[in-house]
Amino acid sequence: MQHPVVGAGSEIEWSSPDGPQRGYLVFPEAHVGRIMTGVVIAADAPGFASHHVRTFADKLAEQGYKVLVPEAPYAPLSAVDEVSRTPQFVQWQREAAAKQDDVLARLRAARDVLKNFHEVTRVGVLGLGVGSEAALALASESPASFDAAVVLCPTTLAPVPLSTPTLLVTGDRYEYIDMKQIREYVAVANVDSHLRVKALAGGQRHGFCFSHIMDEDAGTLAIAEVLDWLIFYLHRFRLAAGTSDGDPWWPQGRNGPFYNVGLANWQANRAQWTTPVRPRPPRRPPVDSSLILEGLASMRRTFELPQPMNLSDVIALYVDIWDVNQ
Numbered sequence: 559m560q561h562p563v564v565g566a567g568s569e570i571e572w573s574s575p576d577g578p579q580r581g582y583l584v585f586p587e588a589h590v591g592r593i594m595t596g597v598v599i600a601a602d603a604p605g606f607a608s609h610h611v612r613t614f615a616d617k618l619a620e621q622g623y624k625v626l627v628p629e630a631p632y633a634p635l636s637a638v639d640e641v642s643r644t645p646q647f648v649q650w651q652r653e654a655a656a657k658q659d660d661v662l663a664r665l666r667a668a669r670d671v672l673k674n675f676h677e678v679t680r681v682g683v684l685g686l687g688v689g690s691e692a693a694l695a696l697a698s699e700s701p702a703s704f705d706a707a708v709v710l711c712p713t714t715l716a717p718v719p720l721s722t723p724t725l726l727v728t729g730d731r732y733e734y735i736d737m738k739q740i741r742e743y744v745a746v747a748n749v750d751s752h753l754r755v756k757a758l759a760g761g762q763r764h765g766f767c768f769s770h771i772m773d774e775d776a777g778t779l780a781i782a783e784v785l786d787w788l789i790f791y792l793h794r795f796r797l798a799a800g801t802s803d804g805d806p807w808w809p810q811g812r813n814g815p816f817y818n819v820g821l822a823n824w825q826a827n828r829a830q831w832t833t834p835v836r837p838r839p840p841r842r843p844p845v846d847s848s849l850i851l852e853g854l855a856s857m858r859r860t861f862e863l864p865q866p867m868n869l870s871d872v873i874a875l876y877v878d879i880w881d882v883n884q
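Numbered continuously in the working numbering, the sequence shown closes out at residue 884.
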């Protein structure tokens, strides 16, 4: 059963062993062909009904994904509390951690809804803020629950090896984790080279690309990294999906096109392919004109040059002979 809501998507309900569950589902409006890729979003403290979470889901759907944001089992909290890391948020985070298993179950159920009822074959999980804890927990499951994972501005980093290709995007002036913690996490989690870390410079803080956007350029670059990651790991035809910027199946966002990282990488690689790597042989030293001038000026039909010469040098010699004869 679907209930219309404000925005491009709608709220849906599905049954589970723990009772009915809700979520925000959004499809691309104009899309050519079947959509077989989807993304499940683990929302931050404000929850699945917040404006910035649904806007993020809508923008992601505009790029050709079916997006589902399940409702979390805890009461929502203001985004300002999470961004500012207030005492209310610290207390709320401790209480929410006790319901982590329920959160993971709901994210898996949302994945099954996309696969069983919406013809999605490959699904990624994307964590926003405090929701990144659940996304990282799913990315470390074996066998892998999702085909790709993305975490934006995580609040904690549990030192567990990853089993799913995971992109971690954060700012350089982050309130929750610093670069030392990230390096320690990489040493533990990136055993199988599944992790990529992208730290945006310019004083980027928590929520800089979804709930607390202050620098639009940094936010756009972060979203471009996310799209590049999802394209590479969710699409079957990775090369074609990562290099195309004009196909009709790739609808651009209403606020302007995102920077196509896949196309830029392909063009950079192509420039290396087409660049000659073998240098030209050095020019031979010119032959002393006095050695061959007499032979060239004679009436013989043929004359063997003492060594190969550049055509321009031979022409210059004939010009000199012409001047002498005149």
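Note that CB positions come from ideal geometry on N, CA and C, so glycine has one too. Source: prediction; values computed, not measured.
Check: Assuming the contact rule is C-beta atoms closer than 8 angstroms, Ala-693 and Ala-600 should be a hit. Round their C-beta distance to whole Å, please.; Outcome: 5 angstroms
Check: Starting from the Cα of Ala-668, find the closest Cα among Gln-658, Ala-656, Asp-659 and Val-681 and give me that residue.; Outcome: Val-681
Check: Where do the ends of the alpha helix (DSSP H) carrying Thr-778 lie?; Outcome: 774-792
Check: Terminal residues of the continuous alpha helix (DSSP H) containing Lys-886?; Outcome: Residue coverage of the chain in this structure runs from 559 to 884, which leaves residue 886 outside it and unanswerable.
Check: For my contact list, Val-584 and Ala-566 are in at a C-beta cut-off of 8 angstroms; report their separation, rounded to the angstrom.; Outcome: 5 angstroms
Check: Is it buried or exposed for Gly-761, if we count other Cβ within 10 angstroms and need 16 for buried?; Outcome: exposed
Check: Using C-beta distances below 7 angstroms, list every residue in its chain close to Leu-665, excluding the 5 sequence neighbours before and after it, in chain order.; Outcome: Val-598, Ala-600, Pro-628, Val-683, Ala-692 and Leu-696
Check: Roughly how many whole angstroms lie between the Cα atoms of Ser-573 and Ala-829?; Outcome: 53 angstroms
Check: If I measure Cβ to Cβ from Val-744 and keep anything under 7 angstroms in the same chain, skipping five residues before and after, which residues do I get?; Outcome: Leu-753 and Val-755
Check: Do the stretch 720-739 and the stretch 756-776 touch if we need at least three Cβ pairs shorter than 8 angstroms?; Outcome: yes
Check: What three-state label does DSSP hand Glu-640 in the structure shown?; Outcome: helix
Check: Keeping to the same chain, check which residues put their C-beta closer than 8 angstroms to that of Phe-704; ignore five residues upstream and five downstream.; Outcome: Val-598, Arg-669, Val-681, Gly-682, Val-683, Leu-696, Ala-697 and Thr-722
Check: Should Leu-635 and Ala-656 be called a contact, given that it needs their Cβ atoms to be closer than 8 angstroms?; Outcome: no
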